[in-house]
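Residue numbers (our numbering): 8 to 381.
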């Protein structure tokens, strides 16, 4: 069993899908590990560290040659996978809805593509969930980026010259990233409030010491979809939310938006008119900017200014903390493969529940129901 760990080719991608820690663990399972030269450099991991852990470091062609499993952070192009075994697994964040042509190419080439972001949100798969591990650090980094752009202090400070008021931070969308953003903003000393379309998150917000801002008197709307994700809301709810947000957002110094709906463009949460009500010098960080953005006027890869408000739209937020996010991503991959490792076959054997959820291609065809019905 040969596992290949590739150097990422996507622009701006600094993470790596394997670390010396996980190389040692895969070796202990009985696998041979090949790492593409330079794969870990942008995550502060030298080739020598992989060699010391027991991996072979080589160019891409030699790394991929005879590989049974290919690990990546983002899906590799088929053109660079020549030489892998027929039916080899590709396990990575494959972005299936936006990169459908690449998924089709995997099928045509005979690869079995496994989309790690399709991992079901069930208890036994929590340690395999790349969305949670990466979103956690994204929420943390979003607050740091906001603090860097904000021209004032976060905490209240009392000095002989007078008192500096605490910054007011509003978190929109309370999934993993939002919860971490709440905790981080609180640690920095901000007054924090938060909102979400899922009624069940109110208790989570308050448990972190933040104020919950929720639409009231809209009966029967919980906003909870399958797997704990948010769903598209009714027009009635959207109108009520817009009114609530408009009155609240005008008082905020920092706003962080995190709302995503799997397989669909990010919902619009903040309009240009709402931005215009904010104080000059305020900062908005849009964590959904690459999926269309929660904020009108946000630009992927840029920090722009509208009505005196800075809108931060950094791409690939997890990559901005590449050492830590690589460590977590790599552990997700190891936890996944090791959970299904068959010692007699010296290879992982997936069960139906998780296998059917994440498998995109098999036997030369696209087989995932989410793609076939989208």
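Even glycine gets a Cβ: it sits at the ideal position worked out from N, Cα and C.
Does residue i come within less than 7 Å of chain D when only Cβ atoms are used?
{"i": "residue 304", "result": "Protein chains in the displayed structure number just one, and chain D is not present."}
Count the other CB atoms within 10 Å of the CB of residue i; is the residue buried (16 or more) or exposed (fewer)?
{"i": "residue 89", "result": "exposed"}
{"i": "residue 166", "result": "exposed"}
{"i": "residue 118", "result": "buried"}
{"i": "residue 264", "result": "buried"}
{"i": "residue 370", "result": "exposed"}
{"i": "residue 365", "result": "buried"}
{"i": "residue 233", "result": "Low confidence applies to residue 233: its pLDDT is 49, below 50, so where it sits in the model is not reliable, and the reading given next is rough at best. It is exposed - the Cβ of residue 233 has fewer than 16 other Cβ atoms within 10 Å."}
{"i": "residue 24", "result": "buried"}
{"i": "residue 379", "result": "exposed"}
{"i": "residue 164", "result": "exposed"}
{"i": "residue 372", "result": "exposed"}
{"i": "residue 349", "result": "exposed"}
{"i": "residue 356", "result": "exposed"}
{"i": "residue 227", "result": "Residue placement at residue 227 is poorly supported in this model, since its pLDDT is 43, which falls under 50; the coordinates still yield a value, given next. Label assigned to residue 227: exposed."}
{"i": "residue 361", "result": "buried"}
{"i": "residue 194", "result": "exposed"}
{"i": "residue 286", "result": "exposed"}
{"i": "residue 27", "result": "buried"}
{"i": "residue 162", "result": "exposed"}
{"i": "residue 201", "result": "buried"}
{"i": "residue 125", "result": "buried"}
{"i": "residue 197", "result": "buried"}
{"i": "residue 337", "result": "buried"}
{"i": "residue 309", "result": "exposed"}
{"i": "residue 207", "result": "exposed"}
{"i": "residue 40", "result": "buried"}
{"i": "residue 94", "result": "exposed"}
According to DSSP, residue i sits in a beta bridge with which residue or residues?
{"i": "residue 177", "result": "200, 262"}
{"i": "residue 121", "result": "98, 366"}
{"i": "residue 164", "result": "171"}
{"i": "residue 11", "result": "41, 77"}
{"i": "residue 148", "result": "Note: residue 148 sits in no beta bridge, so no partner."}
{"i": "residue 372", "result": "369"}
{"i": "residue 153", "result": "Residue 153 is not bridged to any residue."}
{"i": "residue 219", "result": "201"}
{"i": "residue 354", "result": "349"}
{"i": "residue 302", "result": "277"}
Considering only their Cβ atoms, is the gap separating residue j from residue i smaller than 7 Å?
{"i": "residue 79", "j": "residue 62", "result": "no"}
{"i": "residue 313", "j": "residue 268", "result": "no"}
{"i": "residue 134", "j": "residue 183", "result": "no"}
{"i": "residue 59", "j": "residue 9", "result": "no"}
{"i": "residue 266", "j": "residue 274", "result": "yes"}
{"i": "residue 42", "j": "residue 76", "result": "no"}
{"i": "residue 289", "j": "residue 260", "result": "yes"}
{"i": "residue 110", "j": "residue 367", "result": "yes"}
{"i": "residue 307", "j": "residue 299", "result": "no"}
{"i": "residue 105", "j": "residue 294", "result": "no"}
{"i": "residue 67", "j": "residue 37", "result": "no"}
{"i": "residue 187", "j": "residue 147", "result": "yes"}
{"i": "residue 152", "j": "residue 180", "result": "no"}
{"i": "residue 140", "j": "residue 335", "result": "yes"}
{"i": "residue 322", "j": "residue 297", "result": "yes"}
{"i": "residue 302", "j": "residue 177", "result": "no"}
{"i": "residue 51", "j": "residue 332", "result": "no"}
{"i": "residue 318", "j": "residue 304", "result": "yes"}
{"i": "residue 120", "j": "residue 137", "result": "no"}
Could you give the residue range of the beta strand (DSSP E) that holds residue i?
{"i": "residue 99", "result": "96-100"}
{"i": "residue 293", "result": "290-293"}
Since residue i is in the alpha helix (DSSP H), which residue starts that stretch and which ends it?
{"i": "residue 312", "result": "Here residue 312 belongs to no alpha helix (DSSP H); instead the beta strand (DSSP E) covers 310-313."}
{"i": "residue 319", "result": "It is not in any alpha helix (DSSP H) - residue 319 instead sits in the beta strand (DSSP E) that spans 316-319."}
{"i": "residue 341", "result": "329-346"}
{"i": "residue 2", "result": "Past the edges of the chain, shown from 8 to 381, lies residue 2, and the structure says nothing about it."}
{"i": "residue 136", "result": "Taken as a continuous stretch (DSSP letters only), residue 136 belongs to no alpha helix (DSSP H), as it is neither H nor E."}
{"i": "residue 185", "result": "183-194"}
{"i": "residue 279", "result": "279-283"}
{"i": "residue 209", "result": "209-214"}
{"i": "residue 358", "result": "From DSSP, residue 358 is part of no alpha helix (DSSP H); its letter is neither H nor E."}
{"i": "residue 112", "result": "107-116"}
Considering only residues of the stretch 17-92, which uninterrupted beta strand (DSSP E) runs meet the minimum length of 3 residues and lie entirely inside it, listed in chain order?
39-43, 63-65, 76-81
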